[in-house]
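Residue numbers (full-length UniProt numbering): 1 to 468.
Cβ coordinates follow ideal geometry from the N, Cα and C atoms, glycine included.
Below: the structure, in structure tokens.
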């Protein structure tokens with residue numbers, strides 16, 4: 001579907017859309033350890049692009065930053081005034097904090113030469129370490145239970161990472177408005193070219209039921225007046241205490257799912273881009289009232305994943321974060337796995353915040369089982385069967401909390417009731433919604449695979465064969 005330049009629904013020839021794992025990266029993650037680029041030789045004036053500068057932070061303090069882009073400030077007639085707005089990346093902060101500041105809030109850093117020399121020294125040291133490791137044939141692997149570590153850019157080599165950062169270094173939209181909420185974007189999103197060329201869009205307006213997006217609010221309101229639905233497309237599979245969830249087949253609801261991916265990309269950084277949404281199911285989470293259903297977030301999953309992932313991409317809009325909706329979405333994904341009688345895990349890599357969110361959920365669920373357990377012994381596979389959490393994730397979580405011990409040549413689970421109760425109460429979610437499985441009206445997507453290795457039965461059988 002081709003859209004006019006002012007309108008903004010996804011086109012048939014739209015660029016790839018993001019289908020990938022997990023939640024936004026941690027605020028403490030640096031942009032890159034590589035040496036910054038030299039300032040450009042040809043410039044339009046002002047401080048050169050790629051310069052190392054000092055920029056005012058939100059609290060009024062001066063922080064080290066890199067100047068990524070700049071624009072003329074123009075007068076009422078559209079003529080340059082000789083002053084600039086600068087787009088800066090703050091050192092030691094995630095890219096989501098990149099922002100525009102005016103020329104009064106940017107100044108050249110007198111220590112820029114020292115910063116550049118330090119970056120160059122660190123780059124050379126990294127090269128030496130990598131070369132030494134190759135010459136030594138790598139490090140010896142030690143068999144132990146270690147929590148998987150995944151960087152947000154895992155799977156991208158240095159060249160791909162640099163290209164990604166260059167193409168997406170400047171946010172192309174400052175704000176998105178959907179329903180009653182207006183939010184500052186965090187990242188670049190590859191919008192269709194008929195909507196966006198190279199200019200910076202101040203606000204992009206999403207219709208909250210169709211997710212079509214527009215550059216002008218009046219256009220969105222005209223579309224809303226004609227749109228017949230007050231809820232997302234697809235099948236409603238859950239409704240309870242003001243929350244409703246809809247299941248969408250990417251092959252049947254292409255436009256909505258593509259628009260959903262464009263929206264998600266404003267808040268997710270290093271994500272795999274896919275042309276086709278057909279292989280995915282999407283679960284859209286809403287709050288409902290007398291005015292209709294209001295978008296909260298979503299997650300996607302492959303209809304069948306050979307790696308056993310039960311979640312590919314997850315997003316709760318920033319205006320709903322820190323209210324328990326992220327855990328609600330994660331819990332819902334595992335409730336579906338339980339109904340399928342399969343184990344599941346989120347697609348890797350996870351961002352740092354994604355790891356924290358999942359660890360909190362796994363701890364809450366596993367320690368909830370431990371505090372209720374009254375029998376003589378409990379195995380890892382018992383926990384897997386009860387929770388549908390992958391054995392590797394169960395082991396990593398219990399080891400993180402110090403409950404896995406090595407005794408008489410084997411690993412055993414050692415629990416202290418007081419510790420279990422304290423951990424459960426710490427991670428117990430008291431402020432957000434909780435999934436009620438009895439309100440879930442859903443049947444698993446039919447899978448034609450002859451032998452599904454991720455069913456609970458298959459995992460128990462594999463463990464039995466290992467012990468023989």
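Query: For residue 335 and residue 307, the rounded distance between their alpha carbons; Result: 19 Å
Query: Option in 379, 325, 377, 295 with minimal Cα separation from residue 357; Result: 325
Query: Proximity of residue 215 and residue 201 at Cβ, strictly below 8 Å; Result: yes
Query: contact_flag[the stretch 52 to 68, the stretch 84 to 100] where n(CB pairs < 8 Å) is 3 or more; Result: yes
Query: Rounded separation between residue 456 and residue 447 - CA only; Result: 15 Å
Query: The stretch 392 to 405 / the stretch 428 to 436 touching (three or more Cβ pairs under 8 Å); Result: no
Query: CB-CB length for residue 235 against residue 281, believed under 8 Å; Result: Not confirmed; about 11 Å, so no contact.
Query: Residues near residue 317 by beta carbon distance below 8 Å, same chain, minus five either side; Result: 178, 181, 183, 267, 295, 296, 297
Query: Own chain, CB closer than 6 Å to residue 284, minus 5 neighbours either side, in chain order; Result: 232, 246, 298
Query: Euclidean distance between Cα positions of residue 403 and residue 364; Result: 14 Å
Query: Residue 187 - DSSP class collapsed to helix/strand/coil; Result: coil
Query: Nearest to residue 48 (by Cα), restricted to the options 69, 321, 239; Result: 69
Query: DSSP beta-bridge partners of residue 88; Result: 67, 99
Query: For residue 178: DSSP bridge partner residues; Result: 181, 206
Query: Exposure label - residue 253; buried when at least 16 CB within 10 Å; Result: buried
Query: Residue span of the alpha helix (DSSP H) that contains residue 240, given as start and end; Result: Looking at the DSSP string, residue 240 is not in any alpha helix (DSSP H); the run it does join, the beta strand (DSSP E), is 235 to 240.
Query: Where residue 414 falls, given that 16 or more other Cβ within 10 Å makes a residue buried; Result: exposed
Query: Alpha-carbon spacing of residue 382 relative to residue 368, whole angstroms; Result: 14 Å
Query: Secondary structure of residue 310, DSSP reduced to three states; Result: strand
Query: Cβ neighbour criterion (16 or more within 10 Å) applied to residue 347; Result: buried
Query: Residue range of the alpha helix (DSSP H) that includes residue 493; Result: The question about residue 493 has no answer, for the chain in this structure spans 1 to 468.
Query: Residue 441 versus 57, 53, 189, 244, residue with shortest Cα-Cα distance; Result: 244
Query: Nearest-angstrom Cβ-Cβ length linking residue 421 and residue 372, presumed shorter than 8 Å; Result: So it is not a contact: roughly 11 Å between Cβ atoms.
Query: Segment limits, alpha helix (DSSP H) that includes residue 367; Result: 352 to 372
Query: Under the three-state DSSP convention, the category residue 415 falls into; Result: coil
Query: Residue interval of the alpha helix (DSSP H) (run including residue 269); Result: It is not in any alpha helix (DSSP H) - residue 269 carries neither H nor E in the DSSP assignment.
Query: Proximity of residue 103 and residue 87 at Cβ, strictly below 8 Å; Result: no
Query: Cutoff 6 Å; reference residue 445; Cβ partners in own chain excluding five residues on either side; Result: 303
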